[in-house]
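Participant:
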Amino acid sequence: MNVICSNVASRNVTSSNVTLHCGNDIHLVNTASVNTKFDQALVSGDVLWTFTAIVDTWFSLVIAFLGIFGNTLTIVVFKTMGFKDTINIPMTTIAFWDLVSVLCGFIHRFYGHLSLLSPPLGRSWQNATYPNINSLQNIATNIAYVIGAYVAMDRCLCISFPLRVKSLMTPTNTWLTCIALSAIVLATLFPSLFFLEVKWIKASSLTSRRLNICFPIFTTPMDRCILTYKKFNFLYPLLSLIIMVSSTLVIVFFLYKSSAFRGHLINTPLLSKPTIKNDSKFSKRDIQVVKMLLLVILTYALVLVPRVTNFFIQFFEPEFSTLRFYNNIARLIVYLILFIDFFNSSSGILIFIYMSSKFRSSLKVIVSIGILRKPLNKNH
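Note that the sequence shown ends on residue 381 in the numbering used here; no numbers are left out.
See below:
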């Protein structure tokens, strides 16, 4: 697993480990070989620092903060709507793991605010939350992608074999499927929480009272575990993308075969109320629900493209990675992918509000109840 360090001033390379001096922080990385020079041609150190400070530290923090409220409200609305409609179950599961993802991202990136008060405190918070909080965010993101792939496959099967699938996918079975998928991904990626060890050490400067944190990566006894983690970390997004794209093509094909849906596409805008013929295979609600889910699936698929592409680039060019020759541009792309992930994890509520009239009405009821409670509490 790579350790992302900012402001790398120098690196002392020995045969057994690499000591990374990142400003006042010391990171010990046990590794066989690390390049001693970073490429500055594509992305300079100053550009990387500026991009990290603006996009990863502050923009991602704001998006994650909004995502906490958005996903919490989404879960409440779906709970209010009930789970008799099985599609609300995986949507709630996705919203839950998106909430975990943005919450972890917000907690980790809170070092930006702390740095304004005390730069050493901000750096200590950043280092202290990196091993576990950052890894948990990655796990939650992967689970959300896998559940999104399940939604795509479920809709694909429902359209291809409507009677058989709908009889099997009861609310209980849907809950069990979502829980099982979440447990499988969590179990396979959970060891990543223990790859890094946090240790407090005295500051190198005698005049400084600051405590630094070092991250030793114990690769000798954990080589196989780390390799397995990397494979799963690549496999889940890749399989999710393949399932989403293939399922979307099948869904569009079956809907296009429907004369009602074909007429709807020609005669009405995308988001307007469709006019359905009586002999249509799909009801008005079916088409609207599928359209909403298609938008959700396509959004996740588009977000997965840069992540999967980055994995393939690292596979064919090993130096395109953190602490390798192309460290700067590799880290810039990683920060950009993380920002896109945050944006995707926070935008689900906007899609539901825009596409689902039932979601909008339930949201209005919840908001109106919350507004009415305030004057009642004041009167009491």
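The C-beta atom is built at its ideal place from N, Cα and C for all residues, glycine as well.
Taking buried to mean at least 16 other C-beta atoms within 10 Å of its own C-beta, is Ala181 buried or exposed?
Facilitator: Here residue 181 corresponds to residue number 180 of the sequence shown, with the count starting at 1. So Ala181 ends up on the exposed side.
Participant: Let's test the definition: count the other Cβ atoms within 10 Å of the Cβ of Phe97 and tell me whether it reaches 16, buried, or not, exposed.
Facilitator: Here residue 97 is taken as the residue at index 96 of the sequence shown, counted from 1. Phe97 comes out buried.
Participant: Ignore the nearest five residues each way along the sequence and tell me which others in Phe312's own chain have a CB closer than 8 Å to its CB.
Facilitator: Numbered from its first residue, the sequence shown carries residue 312 at position 311. Correct list, in chain order: Phe235, Pro238, Leu239.
Participant: When the Cα atoms are used, what is the spatial distance from Leu333 to Lys85?
Facilitator: Residue numbering aside, residue 333 sits at position 332 when the sequence shown is read from its first letter. Residue numbering aside, residue 85 sits at position 84 when the sequence shown is read from its first letter. When rounded, the distance between both Cα atoms is 44 Å.
Participant: Roughly how many angstroms separate the alpha carbons of Ala302 and Val246, rounded to a whole number?
Facilitator: On the sequence shown, position 301 is the one that residue 302 refers to. On the sequence shown, position 245 is the one that residue 246 refers to. In a straight line, the C-alpha of Ala302 is about 7 Å away from that of Val246.
Participant: Excluding the five sequence neighbours on either side, which residues of its own chain have a C-beta within less than 7 Å of the C-beta of Lys167, listed in chain order?
Facilitator: By 1-based counting over the sequence shown, the position of residue 167 is 166. If we look at Lys167 and ignore the five residues flanking it on each side, its Cβ neighbours are Cys159.
Participant: With a cut-off of 8 Å, do at least 3 Cβ pairs link the stretch 294-309 to the stretch 330-349?
Facilitator: With the cut-off at 8 Å, the stretch 294-309 and the stretch 330-349 touch.
Participant: On the DSSP letters alone, give me the boundaries of the alpha helix (DSSP H) that Gly71 sits inside.
Facilitator: Stepping through the sequence shown from its first residue, residue 71 is reached at position 70. 61-82 is the extent of the alpha helix (DSSP H) around Gly71.
Participant: Please report the straight-line C-alpha distance between Phe326 and Leu169, rounded to a whole angstrom.
Facilitator: Here residue 326 is taken as the residue at index 325 of the sequence shown, counted from 1. Here residue 169 is taken as the residue at index 168 of the sequence shown, counted from 1. Cα to Cα, the separation comes out at about 52 Å.
Participant: Give the DSSP-derived three-state secondary structure of Arg325 in the structure shown.
Facilitator: In the sequence shown, residue 325 corresponds to position 324, counting from 1. Arg325 falls in the coil class under three-state DSSP.
Participant: Could you pull the start and end residues of the alpha helix (DSSP H) that Asp47 belongs to?
Facilitator: In the sequence shown, counting from the first residue as 1, residue 47 sits at position 46. Note, Asp47: alpha helix (DSSP H), 46-52.
Participant: Take the Cβ of Lys427 as the centre, count every other Cβ of all protein chains shown within 10 Å, and call the residue buried at 16 or more, exposed below.
Facilitator: Because the chain in this structure spans residues 2 to 381, residue 427 falls outside the shown range and cannot be described.
Participant: Exposed or buried, Ala141, counting other C-beta atoms within 10 Å across all chains shown (16 or more means buried)?
Facilitator: What you label residue 141 is simply residue 140 of the sequence shown in a count that begins at 1. Buried, since its Cβ has 16 or more Cβ neighbours within 10 Å.
Participant: Do you know how far the Cα of Asn72 is from the Cα of Ser362?
Facilitator: As a working mapping, residue 362 is identified with position 361 in the sequence shown. As a working mapping, residue 72 is identified with position 71 in the sequence shown. Spanning the two alpha carbons is a distance of roughly 17 Å.
Participant: Where does Leu43 fall in DSSP's three states?
Facilitator: Stepping through the sequence shown from its first residue, residue 43 is reached at position 42. Coil, per DSSP.
Participant: Taking the alpha-carbon positions, what's the Ile330 to Pro163 distance?
Facilitator: Position 329 of the sequence shown, counted from the start, is the residue given in the question as residue 330. Position 162 of the sequence shown, counted from the start, is the residue given in the question as residue 163. Their backbone Cα atoms lie some 47 Å apart in a straight line.
Participant: Mind reading off the beta-carbon distance from Asp99 to Gly349? Whole number of angstroms is fine, and I expect it under 8 Å.
Facilitator: Locating residue 99 in the sequence shown gives position 98, counting from the first residue. Locating residue 349 in the sequence shown gives position 348, counting from the first residue. Contact flag correct, Cβ pair sits at about 6 Å.
Participant: Out of Asn345, Gly46, Asp57, which one is the CA nearest neighbour of Val335?
Facilitator: Reading the sequence shown from its first residue, position 334 is the one you call residue 335. Of the listed residues, the one whose Cα sits closest to Val335 is Asp57.
Participant: Do you know offhand how far Asp47's Cα is from Thr53's?
Facilitator: Here the question's residue 47 lines up with position 46 in the sequence shown. Here the question's residue 53 lines up with position 52 in the sequence shown. Approximately 10 Å, taken between the alpha carbons.
Participant: Grab me the residues of Ser346's own chain with a C-beta within less than 6 Å of its C-beta, minus the 5 sequence neighbours each way, in chain order.
Facilitator: Position 345 of the sequence shown, counted from the start, is the residue given in the question as residue 346. So the list reads Gly68, Asp99, Ser102, Val103, once near-sequence residues are dropped.
Participant: Can you check whether the CB of Ile134 is closer than 8 Å to the CB of His109?
Facilitator: Sequence index remark: in the sequence shown, residue 109 carries index 108 (1-based). Sequence index remark: in the sequence shown, residue 134 carries index 133 (1-based). It is a contact, given that the beta carbons lie within the stated cut-off.
Participant: If you count every other CB in all the chains shown that lies within 10 Å of the CB of Trp126, and 16 or more means buried, which is it?
Facilitator: Counting from 1 along the sequence shown, the entry for residue 126 is found at position 125. Result: buried.
Participant: Using 7 Å as the cut-off, classify the Cβ of Ile330 as near or not near the heavy atoms of the ligand GTP, replying yes or no.
Facilitator: For the ligand GTP, the structure offers nothing, since it holds no ligand at all.
Participant: Whole alpha helix (DSSP H) runs in the stretch 74-148 with 4 or more residues, listed along the chain?
Facilitator: Complete alpha helix (DSSP H) runs here, min 4: 89-110, 112-118, 120-130.
Participant: Would you kindly work out how many angstroms separate the C-alpha atoms of Leu294 and Phe195, rounded to a whole number?
Facilitator: Indexing the sequence shown from 1 puts residue 294 at position 293. Indexing the sequence shown from 1 puts residue 195 at position 194. Cα-Cα distance, rounded: 36 Å.
Participant: Find the nearest neighbour of Leu256 within the set Lys232, Gln289, Arg165, judged by alpha-carbon distance.
Facilitator: Taking the sequence shown and counting its residues from 1, the one referred to as residue 256 is at position 255. With distances taken between Cα atoms, Leu256 lies closest to Gln289.
Participant: Apart from the five residues just before and just after Thr189, which ones in its own chain have a Cβ nearer than 6 Å to its Cβ?
Facilitator: On the sequence shown, residue 189 is found 188 positions in, with the first residue counted as 1. Cβ within range, chain order: Phe233.
Participant: Could you tell me how far apart the beta carbons of Pro192 and Thr87 are, in whole angstroms, since I believe they sit closer than 8 Å?
Facilitator: Along the sequence shown, one-based indexing puts residue 192 at 191. Along the sequence shown, one-based indexing puts residue 87 at 86. Going by Cβ atoms, the distance from Pro192 to Thr87 rounds to 32 Å, so no, they are not a contact pair.
Participant: Check Thr383 in the structure and name its three-state DSSP category.
Facilitator: In the structure displayed, the chain extends from 2 to 381; residue 383 sits before or after that span and is not available.
Participant: What residues in its chain sit with their C-beta under 6 Å from that of Ile298, if we drop five residues either side in the sequence?
Facilitator: The count along the sequence shown starts at 1 and reaches residue 298 at position 297. Excluding residues within five positions, the ones whose Cβ falls inside 6 Å are Ala153, Met245, Thr249.
Participant: Where does Phe162 sit, in a helix, a strand or coil, going by DSSP?
Facilitator: The residue given as residue 162 occupies position 161 in the sequence shown. In this structure, Phe162 counts as coil in the three-state DSSP scheme.
Participant: Report the residue from Trp176, Phe60, Val78, Leu296 whose alpha carbon sits nearest the alpha carbon of Ser369.
Facilitator: Numbered from 1 along the sequence shown, position 368 holds the residue referred to as residue 369. The residue with the shortest Cα to Cα distance from Ser369 is Val78.
Participant: Under three-state DSSP, which class holds Pro319?
Facilitator: As a working note, residue 319 is residue 318 in the sequence shown. Note: Pro319 maps to coil in three-state DSSP.
Participant: Between which two residues does the alpha helix (DSSP H) containing Gly351 stretch?
Facilitator: Locating residue 351 in the sequence shown gives position 350, where the first residue counts as 1. First, the amino acid is wrong: residue 351 is Leu here, not Gly. Taken as a continuous stretch (DSSP letters only), the alpha helix (DSSP H) holding Leu351 covers 349-356.
Participant: Based on Cα-Cα distance, which residue from Val366, Ala150, Trp50, Glu320 lies nearest to Thr94?
Facilitator: Position 93 of the sequence shown, counting from 1, holds the residue named residue 94. The candidate whose alpha carbon is nearest that of Thr94 is Ala150.
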